Amino acid sequence: MKRCLVYLDAAEIRDSVDLLEAARRIHGEEAYETVGAALHRDIDPAMGAFDRVIQVTRPDIKLYDPAAVTGVMLELQQANGFDSILVPATPFGRMLAPRLAMGLGTGLVADVTAIRKEGDALEIIRPAFSGRLLAGIRFIGDGPIMMSIRQGVFQYGGSRDKKTLLDRYVPAHVRDGKIRRLAVKEKEQIYDIRKSDVLVSGGGGVKKNFHQLERLAEKLGGHVSASRKIVDSGIAPRSIQVGQSGKTVSPRLYMALGIYGAVQHVEGLKRVEHIIAVNVNKNAPICSLADIVVEGDAGTFVEKLADKIEAQGGHQNEH
Amino acid sequence: MNLICLVKFVPDVDNFTYDYENNVLIRDTSRLQLNPDDACAVAFALKIKAAEPDTFVEVVTMAPDKVAPHMEDLLRIGVDRGSLISDTLFAGSDTWVTASVLSRYLSDRDYDVILTGTHAIDGDTSHIPAQVGACLGLNQLSGIISIDPERFDENAAVCDVETESEVSTYEMGLPAILSVTRESRYRLPYPSRKDLERDVSERLRVISNRDLGFAPDQVGLAGSRTKVIKTYTKEFDTKDRIVVRADDAGVDFVYDFLKQKGFV
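From first to last, the protein sequence lines stand for chains A and B.
Numbering follows this note's numbering, in which position 173 of the first sequence is assigned residue number 656; successive positions increment by one, without gaps.
Numbering follows this note's numbering, in which position 75 of the second sequence is assigned residue number 1378; successive positions increment by one, without gaps.
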């Protein structure tokens, strides 16, 4: 039976559990065992979803030390010989996965967004050139199959009430990576666009009146998001960027204002129910995804639509 | 201190051309640029050198020979040595092979720290810094937005790393690999007029596989653990769209749609 190991990132445990969907695409219909590796305490979201969870218990492991965590994961792989190892592409996961792959002498595909299987042949899809192209990649060699997986792309819809076996594991040796965390400053969280039902999103076409989007977003009970162009010009923070170098979002309504819709942007739209695109160019790529295309200046349109909602006494939805 | 910067030259991702018939990328060599995150790494090294003139800065890249003029540009703004690892045998190397090649070169070098960028805008795998770290037995930290020049010496570096939710300050024992991001805002200086014409070629060294001694099947496509089997532009499911104009009628139409779907 094939066995798949998923690294459970303490910071993004739910996203880590979603990697079970990637495991299903890799191993398909054949029987396989899923094993989660946790180096932290809170493993509740994994219980019931995995066949087995290995909880590593050594209080001296610093979860932010890539050298130490890689050492533990290497030890787990050497002891268990998993067929595949999946790591969420979180900031830590993206330091861990390449280190681990190098240690195992195996190939690694980064930031995977799709997995295709034909017979036994596995094709791993990932964006390249800042998301402007997609590359189909094949593994060569004896494995294990290793990938880091883009957050928010796969969604686990399987069972949550398995009888998960819990193994506690004490590693024989922990490497000290000579790193110390001196301070942590929480950033002021404005909102998480991944959780928004309605996103009013601005691109190059509303560069001059980006701040006006806020009013419309408020009227629709949603939030403002932005394209890479807006973020790179310093108008909006990176935390609200949609796309390959930003976040993958799944709102019910996505209003794309002055957004061209390059592949790198559209890569960030998954399971969006409705798209309304406002653009001077009705043939911009984003328009082919839209329910409604509004041809014209997005800045003017935003203002008019917000006025209309206000005039109609449009209620302000709860966030 | 000896600082080594590991850099990559990348095509301008906003202006590349794609050959749809043959499914290949047309790499216009004149449009190559230093990867933005990597430029910040070099800029930080030069900032340290400006304050401590006995600092030695070496820039290392693995690339085709044609990047030599770009490497010379870096030598003109204060980099002491440029090392261009170049061999046709290396063409098509995946990140596993690339990290192995870079590490074999670096294993003979004397350094206190290796500075790199976090992401490259073309491949965007962020593998190389971590993989070189694994090869050389060095720890590595990505996403650095600042390194405190006051707390940067042969023993340790103190740096800030920014993620989505927090900014953490770490002290990293050296030698290690520190990977900065564009958000660091370290900027390369401009060359002076007299430096623009200076011949710097003697400080640029080209290292080939004769120096590194890999077997041909260990590098390039042959040695790679992953292989790109195809590249394609994305095809999306298109919807039956309705096109309206951004006038009052268009606004009314959108409003009615939003109302019907329960958004207003």
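Positions of the beta carbon are idealized from the N, C-alpha and C atoms, including for glycine.
Quick caveat, the model's predicted, so the values are computed rather than measured.
With 9 angstroms as the threshold, decide whether the Cβ of G688 of chain A is near any Cβ in chain B.
It does not: the Cβ of G688 of chain A has no partner Cβ on chain B nearer than 9 angstroms.
Taking buried to mean at least 16 other C-beta atoms within 10 Å of its own C-beta, is E666 of chain A buried or exposed?
With the sequence shown as reference, residue 666 of chain A is identified as Ala, and Glu is not the correct amino acid for it. Result: exposed.
Quick check: what's the CA-CA separation for E701 of chain A versus Q795 of chain A?
Distance between the alpha carbons of E701 of chain A and Q795 of chain A is about 15 angstroms.
Could you have a look at E801 of chain A and say whether DSSP puts it in helix, strand or coil?
Here E801 of chain A scores only 47 on pLDDT, less than 50, and its place in the model should not be relied on; the value that follows carries that caveat. In the structure shown, E801 of chain A sits in coil (DSSP, three-state: anything other than H, G, I, E or B).
Does any residue of chain A bring its CB to less than 9 angstroms from the CB of T1419 of chain B?
T1419 of chain B does not count as touching chain A.
Check whether the Cβ of S1445 of chain B lies closer than 9 angstroms to any Cβ atom in chain A.
Yes, contact with chain A.
Inspect the CB distances between the stretch 575-592 of chain A and the stretch 779-787 of chain A and report whether three or more fall short of 8 angstroms.
Taking 8 angstroms as the limit for Cβ pairs, the verdict is that the stretch 779-787 of chain A does not touch the stretch 575-592 of chain A.
Just confirm the distance between the C-beta atoms of A514 of chain A and I537 of chain A, as a whole number of angstroms; I'd bet it's less than 8 angstroms.
Their Cβ separation, rounded to whole angstroms, is 20 angstroms, which puts A514 of chain A and I537 of chain A out of contact at 8 angstroms.
Mind checking V489 of chain A: buried by the 16 CB within 10 Å criterion, or exposed?
Looking at its Cβ environment, which holds 16 or more other Cβ atoms inside 10 Å, V489 of chain A is buried.
When the cut-off is 9 angstroms and only beta carbons count, does T783 of chain A lie next to chain B?
It does: the Cβ of T783 of chain A has a partner Cβ on chain B nearer than 9 angstroms.
At a CB distance below 9 angstroms, what residues from the stretch 1494-1523 of chain B approach chain A? Give them in sequence order.
From the stretch 1494-1523 of chain B, no residue has a Cβ closer than 9 angstroms to chain A.
What is the C-beta distance between T1428 of chain B and S1445 of chain B, in whole angstroms, given that I count them as a contact (C-beta under 8 angstroms)?
No, T1428 of chain B and S1445 of chain B are not in contact; Cβ-Cβ is about 12 angstroms, not under 8 angstroms.
Are D543 of chain A and V707 of chain A touching if we call contact CB-CB under 9 angstroms?
No, the Cβ-Cβ distance between D543 of chain A and V707 of chain A is not below 9 angstroms.
Please identify the residue among A:V776, A:V746 and A:Q727 whose C-alpha is closest to the C-alpha of A739 of chain A.
The option with the nearest alpha carbon to A739 of chain A is A:V776.
Does the beta carbon of F637 of chain A come closer than 9 angstroms to any beta carbon on chain B?
Not one chain B Cβ lies under 9 angstroms of F637 of chain A.
Taking the alpha-carbon positions, what's the G1565 of chain B to V755 of chain A distance?
For G1565 of chain B and V755 of chain A, the distance between alpha carbons rounds to 16 angstroms.
When we look at the beta-carbon of S1396 of chain B and count the other beta-carbons within 10 Å, is it buried (16 or more) or exposed?
Result: buried.
Considering only C-alpha positions, which residue in the set B:C1308, B:Q1336, B:D1340 and B:A1423 is nearest to V1382 of chain B?
When each option's Cα is compared against that of V1382 of chain B, the closest is B:C1308.
Should H802 of chain A be flagged as near chain B, meaning a C-beta pair shorter than 9 angstroms?
Summary for H802 of chain A: the model assigns pLDDT 47, below 50, so the residue's position carries little reliability; its value from the coordinates is reported in the next sentence. No - not a single Cβ of chain B is within 9 angstroms of the one on H802 of chain A.
For R1528 of chain B, list the residues DSSP reports as bridge partners.
Per DSSP, none; premise fails for R1528 of chain B.
Can you name, in chain order, every residue of its own chain whose Cβ lies under 8 angstroms from the Cβ of D1341 of chain B, other than the five neighbours on each side?
Once the five neighbours on either side are set aside, the close Cβ partners of D1341 of chain B are C1308, L1309, V1310, K1311, T1419, G1420 and A1423.
Please look up how many angstroms separate the CB atoms of G717 of chain A and G751 of chain A, rounded, as I've assumed it's under 8 angstroms.
About 20 angstroms separates the two Cβ atoms, so there is no contact after all.
Could you tell me whether the stretch 1441-1460 of chain B touches the stretch 590-598 of chain A, where touching means 3 or more Cβ pairs closer than 8 angstroms?
Contact fails: fewer than three Cβ-Cβ distances are below 8 angstroms.
Between K668 of chain A and the rest of its own chain, which residues show a CB-CB distance below 8 angstroms, the 5 nearest in sequence each way excluded?
If we look at K668 of chain A and ignore the five residues flanking it on each side, it has no Cβ neighbours.
Considering only C-alpha positions, which residue in the set A:Q724, A:R507, A:T553 and A:G741 is nearest to R711 of chain A?
That would be A:Q724, whose Cα lies nearest to the Cα of R711 of chain A.
Beta-carbon separation of Q463 of chain A and P627 of chain A under 9 angstroms?
The structure shown does not extend to residue 463 of chain A, since chain A is modelled only from 484 to 802, so the question has no answer here.
Mind pulling the beta strand (DSSP E) runs of 3 or more residues that sit fully within the stretch 629-663 of chain A?
Correct list: 648-652.
Can you say whether N1458 of chain B is buried or exposed, counting buried as having 16 or more other CB atoms within 10 angstroms of its CB?
By the 10 Å Cβ count, N1458 of chain B comes out exposed.
Could you name each continuous alpha helix (DSSP H) segment of 4 residues or more that falls completely within the stretch 655-725 of chain A, going from the start of the chain to the end?
Here the runs fully enclosed are 696-702 and 711-715.
If you drop the 5 nearest sequence neighbours on each side, which residues of the same chain put their C-beta closer than 7 angstroms to that of T1401 of chain B?
Here the set comprises M1365 and I1431.
Whose CA, out of B:N1305, B:R1544, B:G1553 and B:W1399, lies closest to the CA of D1356 of chain B?
For clarity, residue 1356 of chain B is Pro in the given sequence; the question names Asp instead. Taking only the C-alpha atoms, the option nearest P1356 of chain B is B:N1305.
Output, in sequence order along the chain, the residues in the stretch 1544-1560 of chain B whose CB is closer than 9 angstroms to any CB in chain A.
Listed by position along the chain: R1544, I1545, V1546, V1547, R1548, A1549, D1550, D1551, G1553, V1554, D1555, F1556, V1557, Y1558 and F1560.
Please report the distance separating the alpha-carbon of P768 of chain A from that of A1549 of chain B.
Whole-angstrom Cα-Cα distance: 18 angstroms.
Which of helix, strand or coil does DSSP assign to L1387 of chain B?
Strand.
Between D1397 of chain B and chain A, is any beta-carbon pair separated by less than 9 angstroms?
Interface residue, yes.
Excluding sequence positions up to five away, which residues of its chain have a Cβ less than 8 angstroms from the Cβ of G660 of chain A?
Correct list, in chain order: K545, D548, P549, A550 and A551.
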